[in-house]
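Chemist:
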Amino acid sequence: MHTQPSPFELHAWKEGNRHNYTAGWKGVSPEFGEITLTCPLPRTSAESIVSELRGGLLPTTSFETRGAHAEGLVLPALNRSTLRVGDRMVYVSRNRFGATLDQRALALRYAGDHYRLAALDKRGYVLSRAADDEDPGVTVTVRETGRGRNRRLTVRTAGRAEGGDLALALIFAGVDRSALTRIGAVKAGLSRVTHFWTESQY
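Residue numbers for the sequence shown follow this note's numbering, beginning at 1 and rising by one.
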């Protein structure tokens, strides 16, 4: 079902105590119902960290990072990750050597459609589904505002969207997207230079 979603907000939530808690975002879309994003889920393994989106008419969506590096993560990261929307795998690729926001954007393929996810800055991003012969495409913009308990996500959609589009956009609010930002590009560049310099000394 494709529809033009109204703008809506998700609000930050947290349950439990300092040492054992779950947190994320909750809200209601007039067209798609109640939405809960848990980021991350309680860990079942030190080498796995997962954020999960559920609710309303959206397909259950998960983003998981696996590996030894996952133990020190607060949120799933882009390296060694798996993204699923419903029972479908989403194929994700990116240019790690890109120097600009446009070059560092993620390319995604889900259910035969092609998407692009680009950072606006460290607190906002946009997911775009490419147009085809039958559909003009859609753009979902997600931006975090406020601080502490007053944090919220504003979600605005341009074009007719379906549940998979929104789910794919919202799950990235529970992912460490820093590698897509300008600062991330600079840090990655410095890391590569340092790595190459170190290797050249041997």
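Using N, Cα and C, we set each Cβ at its ideal position, and we do this for glycine too. Because the structure is a prediction, the values reported are computed rather than measured.
Please identify the residue among 127, 121, 123 and 86 whose C-alpha is closest to the C-alpha of residue 114.
Modeler: The sequence position of residue 114 within the sequence shown is 114, counting from 1. It is 127.
Chemist: Is residue 37 near residue 51, with beta carbons less than 8 Å apart?
Modeler: Looking up residue 37 in the sequence shown gives position 37. Looking up residue 51 in the sequence shown gives position 51. For residue 37 and residue 51, yes; Cβs fall inside 8 Å.
Chemist: Report yes if the CB atom of residue 75 is closer than 8 Å to the CB atom of residue 94, and no otherwise.
Modeler: As a working mapping, residue 75 is identified with position 75 in the sequence shown. As a working mapping, residue 94 is identified with position 94 in the sequence shown. Not closer than 8 Å, so no.
Chemist: Determine the direct distance from the alpha carbon of residue 133 to that of residue 15, and round the result to whole angstroms.
Modeler: The count along the sequence shown starts at 1 and reaches residue 15 at position 15. The count along the sequence shown starts at 1 and reaches residue 133 at position 133. Whole-angstrom Cα-Cα distance: 46 Å.
Chemist: Tell me, to the nearest whole angstrom, how far the beta carbon of residue 61 is from that of residue 31; I am working on the premise that it is less than 8 Å.
Modeler: Residue 61 sits at position 61 when you count from the first residue of the sequence shown. Residue 31 sits at position 31 when you count from the first residue of the sequence shown. With 8 Å as the limit, residue 61 and residue 31 do not qualify as a contact, their Cβ atoms being about 17 Å apart.
Chemist: Give the range of the beta strand (DSSP E) segment to which residue 41 is assigned.
Modeler: Counting from one through the sequence shown, the residue named residue 41 turns up at place 41. From DSSP, residue 41 is part of no beta strand (DSSP E); its letter is neither H nor E.
Chemist: Here's the rule: buried if 16 or more other CB atoms are within 10 angstroms of the residue's CB, otherwise exposed. What is residue 125?
Modeler: Locating residue 125 in the sequence shown gives position 125, where the first residue counts as 1. By the 10 Å Cβ count, residue 125 comes out buried.
Chemist: Assuming residue 148 is part of the alpha helix (DSSP H), what are its boundary residues?
Modeler: Numbered from its first residue, the sequence shown carries residue 148 at position 148. From DSSP, residue 148 is part of no alpha helix (DSSP H); its letter is neither H nor E.
Chemist: Step through the CB atoms of chain B and report whether any lies within less than 8 Å of the CB of residue 24.
Modeler: Protein chains in the displayed structure number just one, and chain B is not present.
Chemist: Assign residue 6 to one of two classes, buried (16 or more other C-beta atoms within 10 Å of its C-beta) or exposed (fewer than that).
Modeler: Within the sequence shown, residue 6 is the residue found at index 6, counting from 1. Residue 6 should be labelled exposed.
Chemist: Sort 167, 177 and 183 by Cα distance to residue 86 and report the nearest one.
Modeler: Position 86 of the sequence shown, counted from the start, is the residue given in the question as residue 86. Ranking 167, 177 and 183 by Cα distance to residue 86 puts 167 first.
Chemist: Could you check what DSSP says for residue 173 in three-state terms: helix, strand or coil?
Modeler: The residue given as residue 173 occupies position 173 in the sequence shown. Correct three-state label for residue 173: helix.
Chemist: Leaving out the 5 sequence neighbours to the left and right, which residues in its chain are closer than 7 Å to residue 103 when beta-carbon positions are compared?
Modeler: In the sequence shown, residue 103 corresponds to position 103, counting from 1. If we look at residue 103 and ignore the five residues flanking it on each side, its Cβ neighbours are 95.
Chemist: Identify which residue in 98, 71 and 35 has its Cα closest to the Cα of residue 182.
Modeler: To locate residue 182, count along the sequence shown from 1; it is residue 182. Answer by Cα proximity: 98.
Chemist: Would you mind reading off the limits of the alpha helix (DSSP H) that contains residue 121?
Modeler: Translated into positions along the sequence shown, residue 121 becomes position 121. Segment 113-121 is the beta strand (DSSP E) holding residue 121; no alpha helix (DSSP H) there.
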